[in-house]
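2 protein chains.
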Amino acid sequence: MDYLFSNRISSLKPSAIREILKATANSDVIAFSAGNPAVESFPVDAVREISADILATRPILALQYGVTEGYEPLRQLLSDYMKTKYNIGRDFDSLIITSGATQVMDLTTKVLCNEGDTVICENPSFIGSLNCFRSYGCKLRGVNMQSDGLSVEELEQALKEEKNVRFIYLIPNFQNPTGATMSLAKRKAVYELAKKYGVMILEDNPYGDTRIKGDDVPSIKSMDEDGIVIYAGSFSKVLSPGIRVGFTVAPAALAAKMTVGKQAGDVHTTMFFQLLVYDWMKKYDFEGHIEKIKSIYRGKLNLMCDLIDTELGDFVTYNRPEGGLFVWCDLPADVDMPAFCKAAVENGVAIVPGSAFMVDEKEKTQAVRLNFSTPTDEKIVEGMKILGKAAKSFK
Amino acid sequence: MDYLFSNRISSLKPSAIREILKATANSDVIAFSAGNPAVESFPVDAVREISADILATRPILALQYGVTEGYEPLRQLLSDYMKTKYNIGRDFDSLIITSGATQVMDLTTKVLCNEGDTVICENPSFIGSLNCFRSYGCKLRGVNMQSDGLSVEELEQALKEEKNVRFIYLIPNFQNPTGATMSLAKRKAVYELAKKYGVMILEDNPYGDTRIKGDDVPSIKSMDEDGIVIYAGSFSKVLSPGIRVGFTVAPAALAAKMTVGKQAGDVHTTMFFQLLVYDWMKKYDFEGHIEKIKSIYRGKLNLMCDLIDTELGDFVTYNRPEGGLFVWCDLPADVDMPAFCKAAVENGVAIVPGSAFMVDEKEKTQAVRLNFSTPTDEKIVEGMKILGKAAKSFK
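Going line by line, the protein sequences match chains F and E. Numbering of the first sequence is given in our numbering, commencing with residue -4 and proceeding in unit increments. Numbering of the second sequence is given in our numbering, commencing with residue -4 and proceeding in unit increments.
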């Protein structure tokens, strides 16, 4: 039978990366293609203890329906934490718990965008979010990335040219896929432009707590005195992605509409894991764990980058990121990038062609994305040697 | 600041019931207004044992990202179970795991409906689903309920009159809110009508395993040789609603699109609880637990209905349901229904005015919905006596 699909969904393809992941899931291929947190970053012992305690003392609370906004004590704790530590959240803001940060993108788009409205994004950007915007029939306008964040000139050009721009989607810290961190000056400039043109900013910060060197740059949300920034936070990189707990800090009027949208979408986020996050933040050494994670990623990022230098040398140009999970490498102009990716996987290493992250997937790019959080250190060494050999035949 | 919301979301209101619930959450009001499963139905000991085992033996699998379609062994187990026990699922079908059954409604609408397309539903129907369809800008066309399911004549009339009908939404077993079970003859007739008019059926079956007397009526999906039925299943009533695990059995082409939609919406359902459901079905006495649940609800349903008879007498007319969580009571024509609901809550019992479930909330109804699963037996007795007294002043 031929099914008639909605316009929004008919052109949408499964994420190229998740398809690569599925293909390599049960094989010996070394996955530089994923975005999974390092397994050694999961606080397994704490999760065991807290889970047992929840089910011993609060089983009904954990298993019964909850309210859509989220478990109230967690909302309060997290609000206080974000305000104290990051200056995020004003009196006009509200924090709601979501089923992973991806749901923040989903609800923001649901609440703000009609079909055909425009979302401005960094180009390249996180494919999951791009697909989310596409799934609401939004038009995407890409603004090219530079080493210190997107081009502010191009952003203003886009704001002038595009009709019905509803929001600007940004990953200011260790952007996926480029690894770039937006400078403070650009954050301020982007905020002022959003204000000037009357559009919202959706600030996605999944990697903020993975900084391995240098100082934190204030988030755009921390500058938000006008109620124009929606902040998306996640526990996927600091606790566990499998538990699907994220949150948003957004102007209360928006958060209320997002709540209505979430009620119709999945009712509420799992109570058990909201309790678990609450206990973990309240009773365990949350800050100490973040330091541990930074130390893990410091080792893995530097290991991979050092090996890029020795194994690939001038075959690639890249900027060493200050955090995040990815390194973005440009191949020489005369190299057939897709052919290199193909050769890599045939030799046992999966990498993602940069085109997967382009707003227009047909746009030419010489870049590939390498992930260092998923493979073990041994596999990083092994995989980089394979890539080095593969590169030789392209020189 | 004034925010401009999408068309789909601007007219959507929070569920009246969830608002009543929030208002009564921390009060002494007896909640006949909720739809929570009875807490004694949760298999707490099994959940404790399985959780400990998962975190002892498979912590990384439980905490890491999973694939969007769901945990493969669970998909397989559940497919086999649905096929063997209910004759649900053909070679052309595929089963995917969702974040509660509500997400099946969300994904079905996302995949099938453009804004302005029509969804035909039973009238009255489950407000959560109605709001889900509304959240995609769908037009709702209600077909009136009768004691043995919706009016088939009215359904055909609607199919003739409405343009761009994409699917018919049905809760054939112990419908929320009416408690009615659709007869086999009507299920067959509805299937044939859907086929004749080229529309899909979305069959929502959250209460199927709560039947307290009589025999199961075959599901519409079990008749589906043409790939026109999407089945929504849930673990909320047999295991726990807080874990947010549901599933759909749908034609593979649709399931593939739903997967793409889910990927953009919440990436995947919590791995931990997928593992938990798998272990529970595989290693525990799943069927025995369902019998236990039926026994709990048999007691509570009969307790409430017996008390309706003794305390309310001919103040209400109703059909005693054969399962589900709700009793739908019609008040006499000359009684001011909203005033009765108000009097009830002022005297300490929250009930839901039937208007909350009408496709057109302004449509007049004399009905109220009573829930017997949430309150304890003692509270059912106490609450029904209060309602009985309140009724006296309306006679």
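For glycine and all other residues, C-beta sits at the position ideal for the given N, C-alpha and C.
Practice problem: Return the residues of the region 24 to 38 of chain F that lie within a Cβ-Cβ distance of less than 7 angstroms from chain E, sorted by chain order. | Solution: Within the region 24 to 38 of chain F, those residues whose Cβ lies closer than 7 angstroms to any Cβ of chain E are, in chain order, N31, V34 and F37.
Quiz item: Do the region 134 to 144 of chain F and the region 345 to 359 of chain F meet, that is, are 3 or more Cβ pairs less than 8 angstroms apart?
Solution: Enough Cβ pairs lie closer than 8 angstroms, so yes.
Quiz prompt | Endpoints, beta strand (DSSP E) assigned at F:R364 | solution = On the first sequence, residue 364 of chain F is found 369 positions in, with the first residue counted as 1. Membership of F:R364 in the beta strand (DSSP E) is indicated by the continuous run A362 to N366.
Quiz prompt | Supposed contact pair E:W323 and E:R293 - C-beta distance, whole angstroms, cut 8 angstroms | solution = Against the second sequence, residue 293 of chain E aligns to sequence position 298. Against the second sequence, residue 323 of chain E aligns to sequence position 328. Between the beta-carbon of E:R293 and that of E:W323 there is about 18 angstroms, and that puts the pair past the 8 angstroms contact cut.
Quiz prompt | Where the region 59 to 73 of chain E meets chain F: residues whose CB sits under 8 angstroms from a CB there | solution = Within the region 59 to 73 of chain E, the qualifying residues are Q59, Y60, G61, V62 and T63.
Practice problem: Pull out every residue of the region 150 to 162 of chain E whose Cβ sits closer than 7 angstroms to any Cβ of chain F, in chain order. | Solution: So the list is empty, because no residue satisfies the distance condition.
Exercise. Answer yes or no: do E:I207 and E:E35 have a C-beta to C-beta separation smaller than 9 angstroms?
Key: As a first step, residue 207 of chain E must be located in the second sequence, where it is residue number 212. As a first step, residue 35 of chain E must be located in the second sequence, where it is residue number 40. Result no, Cβ atoms of E:I207 and E:E35 do not sit closer than 9 angstroms.
Quiz item: What residue from E:A334, E:D86, E:V311 and E:C133 has the CA that sits closest to E:Y157's CA?
Solution: In the second sequence, counting from the first residue as 1, residue 157 of chain E sits at position 162. The sequence given here places Glu at residue 157 of chain E; Tyr does not occur at that position. For E:E157, the nearest C-alpha among the options comes from E:C133.
Practice problem: Measure the alpha-carbon distance for E:A386 versus E:Q269 and round it to whole angstroms. | Solution: Mapped onto the second sequence, residue 386 of chain E falls at position 391. Mapped onto the second sequence, residue 269 of chain E falls at position 274. About 46 angstroms.
Practice problem: Using a Cβ-Cβ cut-off of 9 angstroms, state whether E:N405 counts as contacting chain F. | Solution: Since the first residue of chain E shown is -4 and the last is 390, residue 405 of chain E is not available in this structure.
Practice problem: Determine the extent of the alpha helix (DSSP H) in which F:V224 is found, giving its start and end residues. | Solution: Along the first sequence, read from residue 1 onward, the residue named residue 224 of chain F stands at position 229. Unbroken run through F:V224 is the beta strand (DSSP E), V224 to S229; no alpha helix (DSSP H).
Quiz item: When DSSP labels each residue in this structure, what does F:T52 get in the three-state scheme?
Solution: As a position in the first sequence, residue 52 of chain F is number 57, starting the count at 1. DSSP places F:T52 in helix when its eight states are reduced to three.
Practice problem: Evaluate the contact criterion for the region 86 to 97 of chain E versus the region 235 to 253 of chain E: three or more CB pairs, one atom per stretch, below 8 angstroms. | Solution: Yes, they touch.
Quiz item: By how many angstroms is the C-alpha of F:L302 removed from the C-alpha of F:K380?
Solution: Residue mapping note: residue 380 of chain F aligns to position 385 of the first sequence, counting from 1. Residue mapping note: residue 302 of chain F aligns to position 307 of the first sequence, counting from 1. Distance between the alpha carbons of F:K380 and F:L302: 8 angstroms.
Self-check item: Cβ-based burial, F:E117 [other Cβ within 10 Å; buried from 16]
Solution: Here the question's residue 117 of chain F lines up with position 122 in the first sequence. Buried, since its Cβ has 16 or more Cβ neighbours within 10 Å.
Quiz item: Ends of the beta strand (DSSP E) at F:F162?
Solution: Translated into positions along the first sequence, residue 162 of chain F becomes position 167. V160 to L165 is the extent of the beta strand (DSSP E) around F:F162.
Quiz item: Looking at C-alpha atoms only, which residue of F:G174, F:W275 and F:R3 is the closest neighbour of F:G166?
Solution: In the first sequence, counting from the first residue as 1, residue 166 of chain F sits at position 171. Just to set this straight, residue 166 of chain F is Ile in the shown sequence, not Gly. With distances taken between Cα atoms, F:I166 lies closest to F:G174.
Quiz item: Does the region 148 to 157 of chain F come close enough to the region 185 to 193 of chain F that 3 or more CB-CB pairs lie under 8 angstroms?
Solution: A contact exists between the region 185 to 193 of chain F and the region 148 to 157 of chain F.
Exercise. Tell me whether the beta-carbon of E:G123 lies closer than 9 angstroms to the beta-carbon of F:Q258.
Key: Here residue 123 of chain E is taken as the residue at index 128 of the second sequence, counted from 1. Here residue 258 of chain F is taken as the residue at index 263 of the first sequence, counted from 1. Yes, the Cβ-Cβ distance between E:G123 and F:Q258 is below 9 angstroms.
Quiz item: Are the region 212 to 221 of chain F and the region 79 to 86 of chain F touching, with three or more C-beta to C-beta distances below 8 angstroms?
Solution: With the cut-off at 8 angstroms, the region 212 to 221 of chain F and the region 79 to 86 of chain F touch.
Quiz item: In chain F, which residues lie with their C-beta within 9 angstroms of the C-beta of E:Y(-2)?
Solution: Locating residue -2 of chain E in the second sequence gives position 3, where the first residue counts as 1. Ordered by position in chain F, the residues that pass the 9 angstroms Cβ test against E:Y(-2) are V106, L107, M195, G222, P246, A248, L249 and K252.
Practice problem: Consider the Cβ of E:F335: report whether some Cβ of chain F lies at a distance smaller than 9 angstroms. | Solution: As a working mapping, residue 335 of chain E is identified with position 340 in the second sequence. Between E:F335 and chain F, the shortest Cβ-Cβ separation is not below 9 angstroms.
Quiz item: Is F:N2 buried or exposed, if buried means 16 or more other CB atoms sit within 10 Å of its CB?
Solution: Position 7 of the first sequence, counting from 1, holds the residue named residue 2 of chain F. With a threshold of 16 other beta carbon atoms within 10 Å, F:N2 falls short and is exposed.
Quiz item: Interface residues of chain F around E:P119 at Cβ under 7 angstroms?
Solution: Taking the first residue of the second sequence as 1, we reach residue 119 of chain E at position 124. Result: empty, since nearest Cβ-Cβ is about 17 angstroms, beyond 7 angstroms.
Quiz item: Below 9 angstroms between beta carbons: does that hold for F:L73 and F:M332?
Solution: Along the first sequence, one-based indexing puts residue 73 of chain F at 78. Along the first sequence, one-based indexing puts residue 332 of chain F at 337. Contact: no.
Quiz item: Looking only at its own chain, which residues have a Cβ that is under 7 angstroms from the Cβ of E:Q242, when we skip the five neighbours before and after it?
Solution: As a first step, residue 242 of chain E must be located in the second sequence, where it is residue number 247. Looking at the sequence itself, residue 242 of chain E is Phe, so the reference to Gln does not match. Around E:F242: L73, L90, I91, I92, T93 and G228.
Practice problem: Return the bridge partner residues of E:P348 from the DSSP annotation. | Solution: Position 353 of the second sequence, counted from the start, is the residue given in the question as residue 348 of chain E. DSSP, once it has assigned bridges, lists E:V363 as partnering E:P348.
Quiz item: Are the CB atoms of E:N366 and E:F27 nearer to each other than 9 angstroms?
Solution: Within the second sequence, numbered from 1, the residue matching residue 366 of chain E stands at position 371. Within the second sequence, numbered from 1, the residue matching residue 27 of chain E stands at position 32. Closer than 9 angstroms, so yes.
Quiz item: When the Cα atoms are used, what is the spatial distance from E:D204 to E:I285?
Solution: For the purposes of this step, residue 204 of chain E is taken as the residue at position 209 of the second sequence. For the purposes of this step, residue 285 of chain E is taken as the residue at position 290 of the second sequence. Rounded to the nearest angstrom, the two C-alpha atoms are 7 angstroms apart.
Exercise. Have a look at E:V212 and F:F121 and give me their C-alpha separation to the nearest angstrom.
Key: Within the second sequence, residue 212 of chain E is the residue found at index 217, counting from 1. Within the first sequence, residue 121 of chain F is the residue found at index 126, counting from 1. Between E:V212 and F:F121, the C-alpha separation is close to 47 angstroms.
Exercise. Look at the alpha carbon of E:F87 and the alpha carbon of E:M195, and state the distance between them as a whole number of angstroms.
Key: For the purposes of this step, residue 87 of chain E is identified with residue 92 of the second sequence, where counting begins at 1. For the purposes of this step, residue 195 of chain E is identified with residue 200 of the second sequence, where counting begins at 1. Annotation: E:F87 to E:M195 spans about 15 angstroms, alpha carbon to alpha carbon.
Quiz item: So E:I115 is in the alpha helix (DSSP H); what residue range does that whole segment cover?
Solution: Locating residue 115 of chain E in the second sequence gives position 120, counting from the first residue. Careful: E:I115 lies outside any alpha helix (DSSP H), inside the beta strand (DSSP E) at T113 to N118.
Quiz item: So which of E:N171, E:A328 and E:K8 has the shortest CA-CA distance to E:F389?
Solution: Residue 389 of chain E sits at position 394 when you count from the first residue of the second sequence. Among E:N171, E:A328 and E:K8, the Cα nearest to that of E:F389 belongs to E:A328.
Quiz item: Which residue's Cα is closest to the Cα of F:E67: F:D23, F:K295, F:H263 and F:I288?
Solution: Working through the first sequence from its first residue, we reach residue 67 of chain F at position 72. Of the candidates F:D23, F:K295, F:H263 and F:I288, the one whose C-alpha sits nearest the C-alpha of F:E67 is F:H263.
Exercise. Would you check whether the ligand ZN has a heavy atom nearer than 8 angstroms to the C-beta of E:F267?
Key: Absence of the ligand ZN is noted for the structure shown, with no ligands found whatsoever.
Quiz item: According to DSSP, is F:Q71 helix, strand or coil?
Solution: In the first sequence, counting from the first residue as 1, residue 71 of chain F sits at position 76. In the three-state reduction of the DSSP assignment, F:Q71 falls in the helix class, which pools H, G and I.
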